[in-house]
Amino acid sequence: MQTGTNSSGPILVTGGAGFIGSNFVLEWLRHVGSPVINLDNLTYAGNRENLRSLDGDARHIFVHGDISDEKLVGSLVREHRPQAIVHFAAESHVDRSIVGPDAFIQTNVFGTFALLQAARAYFSELSREEQKQFRFLHVSTDEVYGTLGPDDPAFTEETAYAPNSPYAASKAASDHLVRAYFHTYGLPVLTTNCSNNYGPYQFPEKLIPLIILNGLEGKPLPVYGDGKNVRDWLFVEDHCSAIRAVLERGRLGETYNIGGNSERANIDVVTTICDLLDELAPDPEAGSRRQLITYVKDRPGHDRRYAINAEKIRRELGWAPTEKFETGLRKTVQWYLDHREWVENVRSGAYLKWIETNYAGRTA
Ligand code: NAD
Ligand code: DAU
């Protein structure tokens, strides 16, 4: 009988200094409370400031290292004996995968492979009782399913994989490896495929924080193509609670789609942010932020629409999102207004160089 991860043992989280990973670590310690070993190699997207509130908290053990280092992962799991591995670490930005796919193949494919190898060796050394508890949860994306037309039904767990960007292809490859380790080696895996997240601590290369910060500073608000591409937005705390539900009660070897039931066209997201900024941080001299909207050259291979059918996780695990898009977006805008120091710290020289690389050639 499967028992699922209980609330007492330590867990190993990879990529816990990134956007979703750091939210997950904070939420885990708030809701569950057992120790977290956080393995992160602090790429441009990893930020220890996200976890500053845990300074001095013995339940959080940060390890600066790479998931591709199988020896390091092996020694970490033997030392701390986690009852689960929750795998967030990845290169995650589609535009970066178009400019330079190498790092995506290295971390998302080879890194996941190394992590699986270390997990498999560790699992084989556990007692029967410990094996029953152990879980390897792989955090993946809806982008593996490709793109939808306006009237297509939403992605289910049965939708065929059809990735269109190097990022999506690398995540699809990692999903397949995770599945194979269940069927071939009996590793107790779970995979989640989630839609677009937003909320505190998101690196401002992604649409929502980029628009908030550019809007605050009176800079152009770049909208790719015709602005009518659709994403299904989920508040990050809802994603974290879904992952906890899958960890506790998910069926081994299964995949679970996670979504926010909040499909929005990009242009509608951008105008909503403009209006929130006008309300929460008015700049009467400059006028409405909507004037800053600038249509720019489209992303190559830009998926038109994503939509998630999250019926399986609702039916089997009783999970549903709790935050509405409008209230979640308001909280997010307010968070960026209240955390100017965090914003200044992440916008280093490397960030400015990326903005130049991605937007210089995209004239209106
Ligand atoms: P992020 O880019 O904000 O964070 C990634 C983290 O992984 C960073 O802390 C980085 O330092 C770390 N990392 C990268 N390479 C590593 C390596 N080789 N070894 C150790 N650590 C490494 O990403 P995110 O948006 O928080 O996404 C987290 C996960 O969730 C990813 O697997 C992503 O594919 C998935 N996901 C993201 C979204 C979204 O909307 N952001 C939606 C669905 C799924
Ligand atoms: O669907 C889940 C995925 O969502 C995750 O797997 C990825 O890690 C995450 O980055 C996100 O991918 P997207 O490509 O959908 O997110 P992004 O914020 O980059 O873009 C959202 C939409 O906004 C997309 O249609 C492209 C568009 N866009 C993006 C940027 C950065 C713009 O119009 N202008 C921009 O400047």
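For my numbering, add 1006 to where a residue sits in the sequence shown, where the first one is 1. We put the beta carbon where it would ideally sit given N, CA and C, even for glycine. Please read all numbers here as calculations on a predicted model, not as lab measurements.
Residue burial classification, ARG1036 (beta-carbon count within 10 angstroms, cutoff 16)
exposed
Expressed to the nearest angstrom, what Euclidean distance is found between the alpha-carbon atoms of LEU1286 and ASP1344?
11 Å
Given a threshold of 16 other Cβ atoms within 10 Å of its Cβ, counted over all protein chains shown, does GLN1089 qualify as buried or as exposed?
buried
Tell me the residue span of the beta strand (DSSP E) that contains ILE1299.
1299 to 1302
Quick check: is any heavy atom of the ligand DAU less than 8 Å from the C-beta of ASN1029?
no
Taking the beta carbon of SER1130 as the centre, do at least 16 other beta carbons fall within 10 Å, making it buried, or is it exposed?
Residue burial is scored here from C-beta neighbours: SER1130 has fewer than 16 other C-beta atoms within 10 angstroms and is therefore classed as exposed.
Three-state secondary structure (DSSP) at SER1247?
helix
Closer than 8 Å: is that where the CB of SER1201 sits relative to any heavy atom of the ligand DAU?
It does: the Cβ of SER1201 is within 8 Å (strictly closer) of some heavy atom of the ligand DAU.
Any contact of the region 1236 to 1249 with the region 1192 to 1207, i.e. 3+ C-beta pairs under 8 Å?
In short, these stretches touch, since the Cβ pair count reaches three.
GLY1221 burial status per 10 Å Cβ neighbour count (16 or more: buried):
buried
Is HIS1093 helix, strand or coil when you go by DSSP?
strand
I need the DSSP call for ASP1101, collapsed to helix, strand or coil.
helix
Apart from the five residues just before and just after GLY1307, which ones in its own chain have a Cβ nearer than 8 Å to its Cβ?
ILE1104, ASN1170 and SER1171
Roughly how many angstroms separate the alpha carbons of MET1007 and GLU1135, rounded to a whole number?
Summary for MET1007: the model assigns pLDDT 36, below 50, so the residue's position carries little reliability; its value from the coordinates is reported in the next sentence. Spanning the two alpha carbons is a distance of roughly 11 Å.
Whole alpha helix (DSSP H) elements within the region 1148 to 1211, 4-residue minimum:
Whole alpha helix (DSSP H) segments, 4+ residues: 1172 to 1191.
Using the DSSP secondary-structure output, state which residues sit across from ALA1271 in a beta bridge.
VAL1236
Apart from the five residues on each side of it in sequence, which residues of its chain come closer than 7 Å, Cβ to Cβ, to THR1162?
ASN1263 and ASN1315
When burial is assigned at 16 or more other CB atoms within 10 Å of the CB, is ARG1058 buried or exposed?
exposed
LEU1227 bridges to which residues according to DSSP?
Looking at the DSSP assignment, LEU1227 forms a beta bridge with ILE1299.
Spatial neighbours of PRO1228 in its chain, beta-carbon cut-off 7 Å, leaving aside the 5 residues before and after:
THR1300, VAL1302, TYR1365 and ARG1368
Let me check understanding here. Comparing Cα to Cα, which of ASP1061, TYR1342, ASN1056 and HIS1070 lies closest to ASN1044?
Residue HIS1070 is the option with its Cα nearest to ASN1044.
Helix, strand or coil, according to DSSP, for MET1007 in the structure here?
Model confidence at MET1007 stands at a pLDDT of 36, short of 50, so the residue's coordinates are unreliable; what they give is reported in the following sentence. If DSSP states are grouped into helix, strand and coil, MET1007 belongs with coil.
Per DSSP, which one or two residues make a beta bridge with TYR1262?
THR1198
Going by the CB atoms, is the gap between HIS1093 and ILE1073 shorter than 9 Å?
yes
Between the beta-carbon of THR1197 and the beta-carbon of GLU1097, is there less than 9 Å?
Annotated as distal: THR1197 and GLU1097, with beta-carbon spacing of 9 Å or more.
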